[in-house]
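> Sharing a structure here in structure tokens format.
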Amino acid sequence: MSTSTNRRVKLASLVPDFYKALIAVDRVSAVGLDPKLAHLVRVRASQINGCAYCTDMHSLDLLHLGDDQQRITLLPVWRESRNFYTEQEQAALELTEAITLISVDHVPDEVYDTAAKAFDEKDLAQLIALIITINMWTRVGVTGRMEPGHYKPN
């Protein structure tokens, strides 16, 4: 597999209105959610989708927010290290995996129900919006072969 990005189109420059719309959706996708929870969700979806750029970006965001490196490191195996994550984070991670891997089992009722118990209706809707949004971004990153190492958290 070639890793050359020379032939990959740059959405930001070639379809700027579309790219600006993605940014606008991103801006409202996590409103009201705990920032650490939001970035955990973003990192986990990015890992599943194989987006190195997004995984790097949101891991750096978590560190910038003061989250623990060990929690980030254990994220791919969060089920085996549940004591590092709150019940609400576990519900969010499980829902993230179900939505990200939607073609596998769709979103099982038990996964949805667990998330619905952990979040009020508004926050659950916001979480779903966030998961959909990060999956959108990972497709931009993977398709464009965006490389990690260029992001600096604010």
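If you read the sequence shown in this note's numbering, its first letter stands for residue 274, the second for the next number, and so on.
Glycine included, every Cβ here is placed at the ideal spot set by N, Cα and C.
1. Please report the distance separating the alpha-carbon of E394 from that of D329.
2. Are the Cβ atoms of Q363 and A303 separated by less than 8 Å?
3. Keeping to the same chain, check which residues put their C-beta closer than 7 Å to that of D334; ignore five residues upstream and five downstream.
4. Closer than 6 Å by C-beta to L306: which residues in its own chain qualify, once you throw out the five before and the five after it? Chain order, please.
5. CA-CA distance, S376 and H423?
6. T359 to T387, Cα distance in whole Å?
7. Is DSSP giving P381 helix, strand or coil here?
8. Can you tell me the Cα-Cα spacing of Q361 and K283, whole angstroms?
9. If you follow the alpha helix (DSSP H) that L403 is part of, which residue opens it and which one closes it?
10. Measure how close the beta-carbons of L374 and I321 come, nearest whole angstrom, since I'm counting them as under 8 Å.
11. For G414 and chain D, any beta-carbon pair shorter than 8 Å?
12. Rounded to whole angstroms, what's the CA-CA distance from R344 to S332? Just pull it up for me.
13. Does the separation of the CB atoms of A389 and D378 fall below 8 Å?
The relevant details are as follows:
1. As a working mapping, residue 394 is identified with position 121 in the sequence shown. As a working mapping, residue 329 is identified with position 56 in the sequence shown. Cα to Cα, E394 sits roughly 30 Å from D329.
2. What you label residue 363 is simply residue 90 of the sequence shown in a count that begins at 1. What you label residue 303 is simply residue 30 of the sequence shown in a count that begins at 1. No. Outside cutoff.
3. Here residue 334 refers to the residue found at position 61 of the sequence shown. So the list reads H312, P426, once near-sequence residues are dropped.
4. The count along the sequence shown starts at 1 and reaches residue 306 at position 33. The residues are Q399.
5. By 1-based counting over the sequence shown, the position of residue 376 is 103. By 1-based counting over the sequence shown, the position of residue 423 is 150. Whole-angstrom Cα-Cα distance: 32 Å.
6. Your numbering for residue 359 matches position 86 in the sequence shown. Your numbering for residue 387 matches position 114 in the sequence shown. So the alpha carbons of these two residues sit roughly 13 Å apart.
7. Within the sequence shown, residue 381 is the residue found at index 108, counting from 1. Residue state, collapsed to three classes: coil.
8. For this step, residue 361 is matched to residue 88 along the sequence shown. For this step, residue 283 is matched to residue 10 along the sequence shown. About 37 Å.
9. Sequence index remark: in the sequence shown, residue 403 carries index 130 (1-based). Taken as a continuous stretch (DSSP letters only), the alpha helix (DSSP H) holding L403 covers 394 to 416.
10. Position 101 of the sequence shown, counted from the first residue, corresponds to residue 374. Position 48 of the sequence shown, counted from the first residue, corresponds to residue 321. Between I321 and L374 the Cβ distance is about 7 Å, and since that is below 8 Å, they are a contact.
11. The structure shown contains no chain D; it is built from a single protein chain.
12. Against the sequence shown, residue 344 aligns to sequence position 71. Against the sequence shown, residue 332 aligns to sequence position 59. Cα-Cα distance, rounded: 10 Å.
13. For the purposes of this step, residue 389 is taken as residue 116 along the sequence shown, with counting starting at 1. For the purposes of this step, residue 378 is taken as residue 105 along the sequence shown, with counting starting at 1. Cβ distance not < 8 Å, so A389 and D378 don't count as in contact.
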